[in-house]
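*Asks:* Once you've had a glance at the structure underneath, I'll fire off some questions.
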Amino acid sequence: FSRQGYEDPHWYPASGYGDGYPYQSHQWQPVAWQDDRDLRQGESYGKSYRDQHYYRGYHPNLATGPPGQGRTQTYDSYEESHVSAARREGAGGETVSSGSGEAGGQPKEPSLLLQYHESGLSSSSHELSLYIRDGADHCDPVLPGTWNVEQTGGPLVPTPAPAVPLKFPQAHTALCFGAGGQLVLACPQSPAEGHLPHVELHSLEVILHGTDELEELQAFPGPLAREDLHKVDVMTFCQQKIDTGCDLSTQRGRDSSLLWKLLVLLCRQNGSMVGSDTAELLMQDCRRQDKYKRQEPTANLLGLTDDEWASRQPGTLDLITGEVPPVVETQAQIVEKFTQLLYYGRKKDALVWAMRNQLWGHALFLSSKMDPRTYSWVLTGFTSTLATNDPLQTLFQLMSGRIPQAALCCGDATWGDWRPHLAVMLSNKVGDTELNHRAIVTMGDTLASKGAIEAAHFCYLMADIPFGYFGAKADRMALLGSSHRQAFAQFARTEAIQRMEIFEYCQQLRQPESFLLPFQVYKLLYASRLADHGLAAQALQYCEHICTALLRHGPAAHPVLAQQVLRLAERLKLSDPLLLEMPEQDQALEPDWLEQLRACCQEWEVR
Numbered sequence: 262f263s264r265q266g267y268e269d270p271h272w273y274p275a276s277g278y279g280d281g282y283p284y285q286s287h288q289w290q291p292v293a294w295q296d297d298r299d300l301r302q303g304e305s306y307g308k309s310y311r312d313q314h315y316y317r318g319y320h321p322n323l324a325t326g327p328p329g330q331g332r333t334q335t336y337d338s339y340e341e342s343h344v345s346a347a348r349r350e351g352a353g354g355e356t357v358s359s360g361s362g363e364a365g366g367q368p369k370e371p372s373l374l375l376q377y378h379e380s381g382l383s384s385s386s387h388e389l390s391l392y393i394r395d396g397a398d399h400c401d402p403v404l405p406g407t408w409n410v411e412q413t414g415g416p417l418v419p420t421p422a423p424a425v426p427l428k429f430p431q432a433h434t435a436l437c438f439g440a441g442g443q444l445v446l447a448c449p450q451s452p453a454e455g456h457l458p459h460v461e462l463h464s465l466e467v468i469l470h471g472t473d474e475l476e477e478l479q480a481f482p483g484p485l486a487r488e489d490l491h492k493v494d495v496m497t498f499c500q501q502k503i504d505t506g507c508d509l510s511t512q513r514g515r516d517s518s519l520l521w522k523l524l525v526l527l528c529r530q531n532g533s534m535v536g537s538d539t540a541e542l543l544m545q546d547c548r549r550q551d552k553y554k555r556q557e558p559t560a561n562l563l564g565l566t567d568d569e570w571a572s573r574q575p576g577t578l579d580l581i582t583g584e585v586p587p588v589v590e591t592q593a594q595i596v597e598k599f600t601q602l603l604y605y606g607r608k609k610d611a612l613v614w615a616m617r618n619q620l621w622g623h624a625l626f627l628s629s630k631m632d633p634r635t636y637s638w639v640l641t642g643f644t645s646t647l648a649t650n651d652p653l654q655t656l657f658q659l660m661s662g663r664i665p666q667a668a669l670c671c672g673d674a675t676w677g678d679w680r681p682h683l684a685v686m687l688s689n690k691v692g693d694t695e696l697n698h699r700a701i702v703t704m705g706d707t708l709a710s711k712g713a714i715e716a717a718h719f720c721y722l723m724a725d726i727p728f729g730y731f732g733a734k735a736d737r738m739a740l741l742g743s744s745h746r747q748a749f750a751q752f753a754r755t756e757a758i759q760r761m762e763i764f765e766y767c768q769q770l771r772q773p774e775s776f777l778l779p780f781q782v783y784k785l786l787y788a789s790r791l792a793d794h795g796l797a798a799q800a801l802q803y804c805e806h807i808c809t810a811l812l813r814h815g816p817a818a819h820p821v822l823a824q825q826v827l828r829l830a831e832r833l834k835l836s837d838p839l840l841l842e843m844p845e846q847d848q849a850l851e852p853d854w855l856e857q858l859r860a861c862c863q864e865w866e867v868r
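Residue 262 is where the sequence shown starts when you use this note's numbering, and the numbers rise one by one after that.
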């Protein structure tokens, strides 16, 4: 009884099949199989099973035996029967197999190895089946002793072997998800015992009713490209987001609210706006008007030493006139003193007097009629009186041909709100448009570096920065209001995709044929989420709009996206309400856009 292919004894511990199987009522001890024996030498194994009943349960040739034979039969008797069978076989004799049922004229059953392979056994169960099958392949045993068919009084009926070890210890429910928003359940039944298979179909929309994810999807009036949509519905959705989703007590909540208000403005004005409209929106969203404290011009800035500055103070002796000038308080007295200094031709003293008493109009006009150096000196003195974070500083620096300091320092709590600075830049465009563009983009980069993504994207929209892709980290925007430098799960949130679709819709109000090509892949992701939540018809509409954009641009430019849209649309095409109205003979037809997309994908594959 040699075993081919196995050199070492295999040990099978009792814990392998002793627990977890209801049909096995006892455990068995490890048994070593001896591979170096040969049945034709007539040697006895000398080994017996502790419980031969277990082996009979897995080996059909030991399932039956002579009446009255005990469970502790040794393996020697079986070996003798095998040797005698081998000798008769060599002599041309015929053997009778108790497991095949050939004596009764019944067809031979398939081998156990094939049954185990087809049953999906676990690795250890399959190994055990191979172990038992090895012995059955090399012998054709007969019934032990002299017992034959005539002794039974009738045809031999094989004793049914126990069932194949189950893959799972208990019957359980199997489930899968359908493309039409269905959850399919195969209930635990046993058809072999006469039970009818029971399958249940559940709607995912009903199962997920009341969850935040489904409510967020249902509240959005998408897809926005459909003809029956009115822009008032979009504006209402944006206002609801402002009221319920933005915490105005935080800076990030105010920035998010500003983006939604910008979408409302674009939707109301059919996708067009000017700088003054945006400036008005920025100033409306400011919580309060900051008070920017004015400063006194310093003596060094006026070009005077400390002694000279002290000598020019009111109440000191004027060395030229020999008089003590009175302490002036009213505006008229200040102007009169400015005029008196000009009487004597003291232009520089008059400029210093005007600058010290905030007569910047007089000082600037007088210096402009003098040399350019003096005019620049007076202008610098005027700007030095403004607070560093004053929006006037931003405007004057921009008009001077420089990037404003606010564009490099905004976003800090000590600097103040960034909105007035952007408003003054948008409302007062200088002649150099490139300088305006660089100043706004620099402000957006500064805000993005400090984590104010919504504020940065607002600046990028004002500078007409195009949208990029998630993988291109050098791009400034991929989804409106979401940073593409974070993980994709946090980046591609449902709210960010909805906000981006509204922005695309506002662009289409101005140019009906326009679309954002990088955004189409996120529309496909959104359609998949709709299908996952049971909204199959709505998901199919998104596939149609994506297909329209791809066909207009050319699917060959984005072949992977086109194939994914085609795959999802083919699974969802039966959810089209128009299909239910077709006659039965025409229901096999597909929409034109789906046929065109399939043809384009096939053409690309051929290329």
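We put the CB at the ideal spot given by N, CA and C, even for glycine.
(1) Residues in the same chain with beta-carbon distance under 7 Å from Lys711, minus the five sequence neighbours each way, listed in chain order, please.
(2) Apart from the five residues just before and just after Ala624, which ones in its own chain have a Cβ nearer than 7 Å to its Cβ?
(3) Does the beta-carbon of Asp297 have 16 or more other beta-carbons within 10 angstroms, so that it is buried, or is it exposed?
(4) My guess is that Ser518 and Cys507 are in contact by the Cβ rule of under 8 Å, so how many angstroms apart are they, rounded?
(5) So who's on the other strand from Gln443, going by DSSP bridges?
(6) Could you tell me whether the Cβ of Gln825 comes closer than 7 Å to any Cβ of chain C?
(7) If you pair each beta-carbon of the segment 433-446 with each one of the segment 455-462, do three or more pairs fall below 8 Å?
(8) If we require 3 or more residues per run, which beta strand (DSSP E) segments fall completely within the segment 448-517?
(9) Express the C-alpha separation of Thr641 and Lys630 in angstroms, rounding to a whole number.
(10) Is it buried or exposed, Gln500, if we count other Cβ atoms within 10 angstroms and call 16 or more buried?
(11) How should Pro652 be labelled, buried or exposed, when 16 other C-beta atoms within 10 angstroms of its C-beta is the threshold for buried?
(12) Note down the Cα distance separating Ser789 from Ala860, rounded to an integer number of angstroms.
(13) Going by beta carbon distance, what residues of the same chain come within less than 7 Å of Ser384, once the five residues before and after it are set aside?
(14) Whole-angstrom Cβ separation of Leu829 and Cys804, contact assumed at under 8 Å?
(15) Pair every Cβ in the segment 758-769 with every Cβ in the segment 477-493, then say whether three or more of these pairs are closer than 8 Å.
(16) If you run the structure through DSSP and keep just helix, strand and coil, what is Cys671?
(17) Using a Cβ-Cβ cutoff of less than 8 Å, which residues in the same chain neighbour Leu786 once the five nearest sequence positions on both sides are dropped?
(18) Rounded to a whole number of angstroms, what is the C-alpha to C-alpha distance between Asp504 and Phe498?
(19) What distance in whole Å lies between the Cβ atoms of Met704 and Trp679, which are believed to be in contact at a cut-off of 8 Å?
(20) Can you find the residues in the same chain that come closer than 7 Å, C-beta to C-beta, to Gln526, ignoring five residues on each side of it along the sequence?
(21) Pick from Leu811, Ala792, Met738: whose alpha carbon is nearest that of Glu466?
(22) So for Ser254, helix, strand or coil by DSSP?
(23) Tell me the DSSP secondary structure of Phe728 in three-state form.
(24) For Leu708 and Met660, what's the separation of their Cα atoms in angstroms?
(25) Where does Phe764 fall in DSSP's three states?
(26) Since Cys437 sits in a beta bridge, which residues does DSSP pair it with?
(27) Provide the residue(s) that pair with Ser743 in DSSP beta bridges, ordered along the chain.
(28) When you compare only the Cα positions, how much space is there between Lys522 and Lys609?
(29) Secondary structure at Arg832, three-state DSSP: helix, strand or coil?
(30) For Thr655, I'd like the list of residues in its chain whose CB is within less than 7 Å of its CB, leaving aside the five on either flank, ordered along the chain.
(31) Taking the runs of the beta strand (DSSP E) that are 3 residues or longer, which of them lie wholly in the segment 625-652?
(32) For Met761, count the other beta carbons within 10 Å of its own beta carbon; 16 or more makes it buried, fewer makes it exposed. Which is it?
(33) Just to confirm my understanding: we take Leu827, look at its own chain, exclude 5 residues before and 5 after, and list those with CB closer than 7 Å. What are they?
(34) Can you give me the Cβ contacts of Ala435 inside the same chain, cut-off strictly under 6 Å, excluding the 5 residues immediately before and after it?
(35) Do Ala817 and Trp865 have their CB atoms nearer than 7 Å?
(36) DSSP three-state label for Met686, please.
*Replies:* Taking the structure as given:
(1) Working through the sequence shown from its first residue, we reach residue 711 at position 450. Once the five neighbours on either side are set aside, the close Cβ partners of Lys711 are Gly672.
(2) Locating residue 624 in the sequence shown gives position 363, counting from the first residue. Taking C-beta separations shorter than 7 Å and ignoring five residues to either side along the sequence, the partners of Ala624 in its chain run Leu612, Ala615, Met616, Val639, following chain order.
(3) Residue mapping note: residue 297 aligns to position 36 of the sequence shown, counting from 1. For Asp297, the predicted structure reports a pLDDT of 43, less than 50, and the residue's modelled location is therefore unreliable. A value from the coordinates is still provided. Under a 10 Å Cβ-count criterion, Asp297 is classified as exposed, with fewer than 16 other Cβ atoms of the shown protein chains found around its own Cβ.
(4) Within the sequence shown, residue 518 is the residue found at index 257, counting from 1. Within the sequence shown, residue 507 is the residue found at index 246, counting from 1. Indeed, because the Cβ distance is near 4 Å, the residues count as touching under 8 Å.
(5) Residue numbering aside, residue 443 sits at position 182 when the sequence shown is read from its first letter. Bridge partners of Gln443: Ser464.
(6) In the structure shown, chain C cannot be found, because there is only a single protein chain.
(7) Touching, per the Cβ criterion.
(8) Taken in chain order, the whole beta strand (DSSP E) runs of length 3 or more contained in the segment 448-517 are 460-464.
(9) If you number the sequence shown from 1, residue 630 lands on position 369. If you number the sequence shown from 1, residue 641 lands on position 380. Distance between the alpha carbons of Lys630 and Thr641 is about 16 Å.
(10) Position 239 of the sequence shown, counting from 1, holds the residue named residue 500. Under the 10 Å beta carbon count, Gln500 is surrounded by fewer than 16 other beta carbons and is classified as exposed.
(11) As a first step, residue 652 is located in the sequence shown; it is residue number 391 there, counting from the start. Per the 10 Å Cβ criterion, buried.
(12) Here residue 789 is taken as the residue at index 528 of the sequence shown, counted from 1. Here residue 860 is taken as the residue at index 599 of the sequence shown, counted from 1. Looking at the backbone, the Cα of Ser789 and that of Ala860 are separated by about 23 Å.
(13) Along the sequence shown, read from residue 1 onward, the residue named residue 384 stands at position 123. Because Ser384 carries a pLDDT of 40, less than 50, the predicted location of this residue cannot be relied on, and the following value inherits that uncertainty. If we look at Ser384 and ignore the five residues flanking it on each side, it has no Cβ neighbours.
(14) Position 568 of the sequence shown, counted from the first residue, corresponds to residue 829. Position 543 of the sequence shown, counted from the first residue, corresponds to residue 804. At roughly 6 Å, the Cβ-Cβ gap stays under 8 Å, so Leu829 and Cys804 are in contact.
(15) Output reads yes: the segment 477-493 touches the segment 758-769.
(16) As a first step, residue 671 is located in the sequence shown; it is residue number 410 there, counting from the start. Cys671: coil per DSSP, three-state reduction.
(17) For the purposes of this step, residue 786 is taken as the residue at position 525 of the sequence shown. Once the five neighbours on either side are set aside, the close Cβ partners of Leu786 are Ala753, Ile758.
(18) Here residue 504 refers to the residue found at position 243 of the sequence shown. Here residue 498 refers to the residue found at position 237 of the sequence shown. One C-alpha to the other measures close to 10 Å.
(19) Indexing the sequence shown from 1 puts residue 679 at position 418. Indexing the sequence shown from 1 puts residue 704 at position 443. Rounded, the Cβ-Cβ distance is 7 Å, consistent with contact.
(20) Working through the sequence shown from its first residue, we reach residue 526 at position 265. Note on residue identity: the sequence assigns Leu, not Gln, to residue 526. Once the five neighbours on either side are set aside, the close Cβ partners of Leu526 are Met534, Asp538, Leu542.
(21) Walking along the sequence shown from the start, residue 466 turns up at place 205. Looking at the Cα atoms, Ala792 is the closest of the given residues.
(22) No answer is possible for residue 254: it lies beyond the span of the chain, which begins at 262 and ends at 868.
(23) Indexing the sequence shown from 1 puts residue 728 at position 467. Taken through DSSP and simplified to helix, strand or coil, Phe728 comes out as coil.
(24) Mapped onto the sequence shown, residue 708 falls at position 447. Mapped onto the sequence shown, residue 660 falls at position 399. Straight across, the Cα-Cα distance linking Leu708 with Met660 is about 22 Å.
(25) Position 503 of the sequence shown, counting from 1, holds the residue named residue 764. Assignment of Phe764 by DSSP, reduced to helix, strand and coil, places it in the helix class.
(26) Stepping through the sequence shown from its first residue, residue 437 is reached at position 176. For Cys437, which the question treats as bridged, DSSP gives the partners Val445.
(27) Here residue 743 refers to the residue found at position 482 of the sequence shown. Among the bridge pairs identified by DSSP, Ser743 is matched with Leu740.
(28) As a first step, residue 522 is located in the sequence shown; it is residue number 261 there, counting from the start. As a first step, residue 609 is located in the sequence shown; it is residue number 348 there, counting from the start. So the alpha carbons of these two residues sit roughly 52 Å apart.
(29) The sequence position of residue 832 within the sequence shown is 571, counting from 1. Residue state, collapsed to three classes: helix.
(30) The residue labelled residue 655 in the question sits at position 394 within the sequence shown. Cβ contact annotation for Thr655 (same chain, cutoff 7 Å, sequence separation greater than five): Pro665, Ala667, His682, Val685, Met686, in chain order.
(31) The segment 625-652 contains no whole beta strand (DSSP E) run of 3 or more residues.
(32) As a working mapping, residue 761 is identified with position 500 in the sequence shown. Result: buried.
(33) Numbered from 1 along the sequence shown, position 566 holds the residue referred to as residue 827. The residues Leu858, Arg859, Cys862, in chain order, have a CB closer than 7 Å to that of Leu827 in the same chain once the five nearest residues on each side in sequence are set aside.
(34) Position 174 of the sequence shown, counted from the first residue, corresponds to residue 435. Ala447, listed in sequence order.
(35) Within the sequence shown, numbered from 1, the residue matching residue 817 stands at position 556. Within the sequence shown, numbered from 1, the residue matching residue 865 stands at position 604. Taking C-beta atoms as the reference points, Ala817 and Trp865 count as a pair closer than 7 Å.
(36) Reading the sequence shown from its first residue, position 425 is the one you call residue 686. Of the three classes helix, strand and coil, the one that applies to Met686 here is helix, per DSSP.
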